[in-house]
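Structure first, then comments.
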Ligand code: BG6
Ligand code: MG
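Rendered as structure tokens:
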């Protein structure tokens, strides 16, 4: 029996990948690197600094900047990204999310957010669903990012359950890999890209029957 739900944020609760893309694309262009939508797929689930490193690798510029300069580049991207997030409203919740969260609450199933994003509390607040989550893992406390299972294990323990008693929801391959490495049941949320290793793949959360999921 499963006793709790652990959600990724970007791509599962709301679609922010397009805003990450706009902000990274502009930043990359400023330093002479061109990224496209296909490359952007690789950045899903990956931390801000790791995303910057991947962009610099693409442009053969890993050694072109000091750590301080890299921090400044990441901060510049984030400032732009946060500007783009200002327009978020509850209408930007992905289809089925609110219904699913309400049903979980009605069944007393605790819910956690396991997102690499340091903007998660701000985004949840804009979407009006902050109260629907019992805990939000602070990614600043993690030693390793996804695909390491650390964030998912931490989320389950914060809910007072074992990882094996949790269901994880992810749209990115790095996230699915992390959920499975944590020993959890993995729901893949399809966003146009192939996902490997998920126990089930859905297009929206309401395609799932909560009772059947809890019985896994
Ligand atoms: C993840 C996104 O949820 O958060 C990544 O999928 C992003 O694309 C990461 O890089 C970190 O986000 P932020 O908001 O802290 O820059
Ligand atoms: Mg995601």
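Residue numbers (this note's numbering): 129 to 344. Don't be surprised by glycine CBs; every beta carbon is placed ideally from N, CA and C.
Tell me which residue opens and which closes the alpha helix (DSSP H) that residue i is part of.
i           : result
residue 145 : 145 to 158
residue 322 : From DSSP, residue 322 is part of no alpha helix (DSSP H); its letter is neither H nor E.
residue 209 : 195 to 213
residue 183 : 176 to 186
residue 133 : No alpha helix (DSSP H) holds residue 133; the beta strand (DSSP E) holding it covers 132 to 135.
residue 283 : 278 to 286
residue 167 : 165 to 169
residue 289 : Segment: none, residue 289 is in no alpha helix (DSSP H) and carries neither H nor E.
residue 162 : Run containing residue 162: none; DSSP gives neither H nor E here.
residue 303 : 301 to 309
residue 339 : 338 to 342
If you follow the beta strand (DSSP E) that residue i is part of, which residue opens it and which one closes it?
i           : result
residue 296 : 294 to 298
residue 240 : 239 to 241
residue 329 : 328 to 330
residue 314 : 313 to 317
Assuming residue i and residue j make a contact with CB atoms under 8 Å, what is their CB distance in whole Å?
i           : j           : result
residue 218 : residue 255 : 6 Å
residue 287 : residue 260 : No, residue 287 and residue 260 are not in contact; Cβ-Cβ is about 13 Å, not under 8 Å.
residue 265 : residue 141 : Residue 265 to residue 141, Cβ: 14 Å. No contact.
residue 344 : residue 313 : 5 Å
residue 208 : residue 154 : 6 Å
Kindly list the residues whose CB is nearer than 6 Å to the CB of residue i, restricted to its own chain and excluding five residues on each side of it in sequence; keep chain order.
i           : result
residue 328 : 315
residue 176 : 202
residue 169 : 321
If you check the beta carbons only, do residue i and residue j fall under 9 Å apart?
i           : j           : result
residue 234 : residue 279 : no
residue 323 : residue 340 : no
residue 147 : residue 165 : no
residue 135 : residue 296 : yes
residue 205 : residue 186 : no
residue 174 : residue 274 : yes
residue 293 : residue 130 : yes
residue 306 : residue 277 : yes
residue 310 : residue 289 : no
residue 133 : residue 240 : yes
residue 338 : residue 232 : yes
residue 237 : residue 137 : no
Per DSSP, residue i forms a beta bridge with which residues?
i           : result
residue 251 : Paired residues: none, contrary to the question.
residue 221 : 142
residue 263 : 240
Please go through the same chain and pick out, in chain order, the residues whose beta-carbon is closer than 7 Å to the beta-carbon of residue i, but skip the five residues on each side of it.
i           : result
residue 139 : 145, 172, 299, 300, 317, 319
residue 183 : 152, 156, 161, 163
residue 227 : 334
Going by beta carbon distance, what residues of the same chain come within less than 8 Å of residue i, once the five residues before and after it are set aside?
i           : result
residue 249 : 258, 264
residue 213 : 144, 147, 247, 250, 251, 254
residue 178 : 273
residue 193 : 184, 201
residue 336 : 228, 315, 328, 330
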